[in-house]
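Asks: Residue numbers (the UniProt record's numbering): 1 to 535. Note that CB positions come from ideal geometry on N, CA and C, so glycine has one too. Following this message is one structure expressed as structure tokens.
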Amino acid sequence: MSRDRALLERALDRGEQEGGNVEFKERLSRDVHLESGRRESLAAQLRHRLLSGDGEATYVVGVTDDGGLAGVDPDTFSETMDVLSLLAEEADAHIDDVQTWGINQGLVGVATINEGSVLETDDEHVVVGTAGHVDHGKSTLVGSLVTGNPDDGDGATRSYLDVQPHEVERGLSADLSYAVYGFDEDGPVRVRNPNRKADRAQVVEEADRLVSFVDTVGHEPWLRTTIRGLVGQKLDYGLLVVAADDGPTRTTREHLGVLLATDLPTIVAITKTDAVDDDRVEEVEREVERLLREVEKSPLRVSRHGIDTAIDEISERVVPIVETSAITMDGLETLDELFDRLPKTSQDTGEFRMYVDRSYSVTGVGAVASGTVKSGEVEAGDELLIGPMPDGRFREVEVRSIEMHYHRVDTAQAGRIVGIALKGIKESAIERGMVLLPQDADPEPIREFEAEVMVLNHPTRIGDGYEPVVHLETIGEAAAFHPDEGRLLPGDTGETTVRFKFRPYLVEEGQKFVFREGRSKGVGTVTAVHPTNAE
């Protein structure tokens, strides 16, 4: 017997022993099981299972009524999960977890359903993007915040965020990672075991206010990924870390420049204060203050002025500074209070839109597009467009389901970091930089646009045909610059035509972007688009 089959049969045996809260279903279909009379009957059956299981029910899908392993094809399995999700909603419950096994060229799944509605979509969800030099303790600080656990001095809490085996082995993050914790009337709601999906989902379910972290990359070769995390997400605040034993570095300046170029209110956390004496902490804090003043920002020491003042004053211009240690946990209560009380800053305007940051495939579900909802709201069952494809066209897709931090939700609003399972497209066709839109939208992909840019750093000048990488939303694409005056010098602000080198994207007036080539960098704002050049 295969290992997967053995695991499944143990699950079935456990289900038979639990008795009243387990239901076996071969399949569920929209046409048959969602008709009014049948739907009410099945919802009542689900409520009975929940009552028998003290608020938890188990549905085994892809098996016969007597528990025989039948297996269903992936499309049927996905439709069954959609129907089960709707039945759970009617029973004031939600699907908490789904495990699948391959059986007889098909799928068998075990879905765990718990009482209680999914998280309400409201404004109590703040998204924070981290930045800072490698080894300055971004991931460690976030890991200690979301768990409430002190670090062991070797970056143990960092492992709660690093998602690739080679990242854990080397102690370096190489891609964006995510974390979440929250607050209720009693204080922080933390993740008991971040390595368990169900524990993260429980925070989403229980907290009245959520704080999601987009943890970026501190190692210089991955600066492009960091820019994608800070520009391509719908962030409310930035959290820049500076280690007390190292102080501000060139990478610190790079990351600060990106944060401030996007007009993002930012907090600076001085980390590793346990590793040095008080004089060194004071020295680094003064260095950070000088660095902020150089870019015309006003530093505000929270230890001196207080949390109330920091909350009142934080803005695109005023930057609070907090001293912290993930080992002694000094300063983490201050960050807790800031994140609990700071208002949401990103605004929701317009219809649903989400730029794709990554894509992956899930057995029994299919293609999933992940990203931050930029505007509007999306629901399971919505019909959308995705694109543009390399030829400029958009494709019609349907939302199978939505997950946020492993918690299945029926809707998601602006600011939510979600994975959207899509029907009608293969994962291999989805690319970073594509966008999801309502099906009645009339998007016009472009290859060329006009922009006002500022050159922040360049060894000589930017001339006609200069080709940096443009980072706009989740787009990261080489583009040719054609300045109106023929050239731009360091420190200059001017107009330029920008043309993507390889393919079209959806770009609109008012969007901000960062461009970079080597150590050269600048920022810009789209002032006009040329849709006729999309071909």
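Along the chain, where does the alpha helix (DSSP H) that runs through Ile-307 open and close?
Replies: Looking at the DSSP string, the run of the alpha helix (DSSP H) that includes Ile-307 is 307-313.
Asks: For the alpha helix (DSSP H) containing residue 536, list its first residue and its last residue.
Replies: Nothing can be reported for residue 536, as the shown portion of the chain is limited to 1 through 535.
Asks: Since Ser-361 contacts Glu-427 with CB under 8 Å, what's their CB separation in whole angstroms?
Replies: Going by Cβ atoms, the distance from Ser-361 to Glu-427 rounds to 4 Å, so yes, they are a contact pair.
Asks: Is it true that the CB of Phe-394 sits closer than 8 Å to the CB of Pro-468?
Replies: In this structure, Phe-394 does not lie closer than 8 Å to Pro-468 by Cβ.
Asks: For Thr-64, which three-state DSSP category applies?
Replies: Three-state result, Thr-64: coil.
Asks: Which stretch, first to last residue, makes up the beta strand (DSSP E) that contains residue 618?
Replies: Outside the shown range of the chain, which is 1 to 535, sits residue 618, and nothing can be said about it.
Asks: Quick one: using the 10 Å Cβ neighbour count with 16 as the cut-off for buried, is Ala-88 buried or exposed?
Replies: It counts as buried.
Asks: Assuming Gln-439 and Leu-385 form a contact by the criterion Cβ under 8 Å, report the distance between their Cβ atoms to the nearest whole angstrom.
Replies: Yes, Gln-439 and Leu-385 are in contact; Cβ-Cβ is about 6 Å, under 8 Å.
Asks: Which term fits Gln-413, buried or exposed, when burial requires 16 or more other beta carbons within 10 angstroms of its beta carbon?
Replies: Burial call: buried.
Asks: Note down, in chain order, each residue of its chain lying with its Cβ closer than 6 Å to the Cβ of Gly-522, except the 5 sequence neighbours on either side.
Replies: The answer, listed in chain order, is Val-453, Met-454, Val-455, Leu-456 and Phe-515.
Asks: State the start and end residues of the unbroken beta strand (DSSP E) segment that holds Gly-238.
Replies: Looking at the DSSP string, the run of the beta strand (DSSP E) that includes Gly-238 is 237-243.
Asks: DSSP state of Val-22, grouped into three classes?
Replies: Note: Val-22 maps to strand in three-state DSSP.
Asks: Just verifying my parser: in three-state terms, what is the DSSP assignment at Arg-39?
Replies: Arg-39 falls in the helix class under three-state DSSP.
Asks: By how many angstroms is the C-alpha of Arg-499 removed from the C-alpha of Val-368?
Replies: Straight-line Cα distance between these residues: approximately 30 Å.
Asks: Within its chain, find whatever has a CB closer than 6 Å to the CB of Ala-528; leave out the 5 residues flanking it on each side and keep chain order.
Replies: Cβ within range, chain order: Glu-450.
Asks: Please state the DSSP three-state secondary structure of Ser-298.
Replies: Correct three-state label for Ser-298: strand.
Asks: Within 10 angstroms of its Cβ, does residue 540 collect 16 or more other Cβ (buried), or is it exposed?
Replies: One cannot answer for residue 540 here, as it falls past the ends of the chain, which runs 1 to 535.
Asks: Tell me whether Gly-522 sits in a helix, a strand or coil according to DSSP, three-state version.
Replies: Residue state, collapsed to three classes: strand.
Asks: On the premise that Thr-474 lies in contact with Asp-357, defined as a C-beta separation below 8 Å, what is that separation, rounded to the nearest angstrom?
Replies: About 5 Å; that satisfies the 8 Å criterion.
Asks: So, for Gly-331: in the same chain, excluding its five sequence neighbours on each side, which residues have a beta-carbon less than 6 Å away from its beta-carbon?
Replies: Excluding positions up to five away in sequence, the list reads Val-322, Glu-323 and Thr-324.
Asks: Assuming Pro-74 is part of the beta strand (DSSP E), what are its boundary residues?
Replies: Not the beta strand (DSSP E): Pro-74 falls in the alpha helix (DSSP H), residues 74-90.
Asks: Identify the continuous beta strand (DSSP E) that holds Glu-333 and give its terminal residues.
Replies: From DSSP, Glu-333 is part of no beta strand (DSSP E) but of the alpha helix (DSSP H) over 332-341.
Asks: Whole angstroms is fine: what's the gap from Phe-339's alpha carbon to Asn-193's?
Replies: So the alpha carbons of these two residues sit roughly 21 Å apart.
Asks: According to DSSP, what are the bridge partners of Ile-446?
Replies: DSSP, once it has assigned bridges, lists Tyr-505 as partnering Ile-446.
Asks: Under the three-state reduction of DSSP, which class applies to Leu-291: helix, strand or coil?
Replies: The answer is helix: DSSP assigns Leu-291 an H, G or I state.
Asks: Starting from the Cα of Gly-109, find the closest Cα among Val-127, Lys-138, Asp-151 and Gly-62 and give me that residue.
Replies: Checking every option, the nearest Cα to that of Gly-109 belongs to Gly-62.
Asks: Return the residue from the list Ala-480, Thr-130 and Ala-91 that minimises the CA-CA distance to Thr-252.
Replies: Nearest C-alpha to Thr-252: Thr-130.
Asks: Any idea what DSSP makes of Pro-265, helix, strand or coil?
Replies: Coil.
Asks: Let me check understanding here. Comparing Cα to Cα, which of Tyr-355, His-255 and Asp-308 lies closest to Leu-291?
Replies: Looking at the Cα atoms, His-255 is the closest of the given residues.
Asks: Alpha carbon to alpha carbon, how far is Ala-421 from Glu-379? Give it in angstroms, no decimals.
Replies: C-alpha separation (whole angstroms): 11 Å.
Asks: What does the alpha-carbon distance come out to for the pair Gly-55 and Val-284?
Replies: Spanning the two alpha carbons is a distance of roughly 52 Å.
Asks: Using only the alpha-carbon positions, how far apart do Leu-34 and Gly-102 sit?
Replies: Straight-line Cα distance between these residues: approximately 27 Å.
Asks: To the nearest angstrom, how far is it from the Cα of His-94 to the Cα of Ser-41?
Replies: In a straight line, the C-alpha of His-94 is about 17 Å away from that of Ser-41.
Asks: Lys-272: which of Leu-141, Val-319, Gly-148 and Asp-208 sits nearest, CA to CA?
Replies: Comparing Cα positions, the closest option is Leu-141.
Asks: Among residues of its own chain, excluding the 5 on either side of Val-180, which ones have a beta-carbon nearer than 8 Å to its beta-carbon?
Replies: Closer than 8 Å at the Cβ level, and outside the excluded window around Val-180, lie Val-146, Val-191, Arg-200, Val-203, Val-204, Leu-210, Val-211, Ser-212, Phe-213 and His-405.
Asks: Quick check: what's the CA-CA separation for Gly-171 versus His-125?
Replies: Confidence is the limiting factor: at Gly-171 the pLDDT is only 34, short of 50, which leaves the residue's position unreliable and the question unanswerable from this model.
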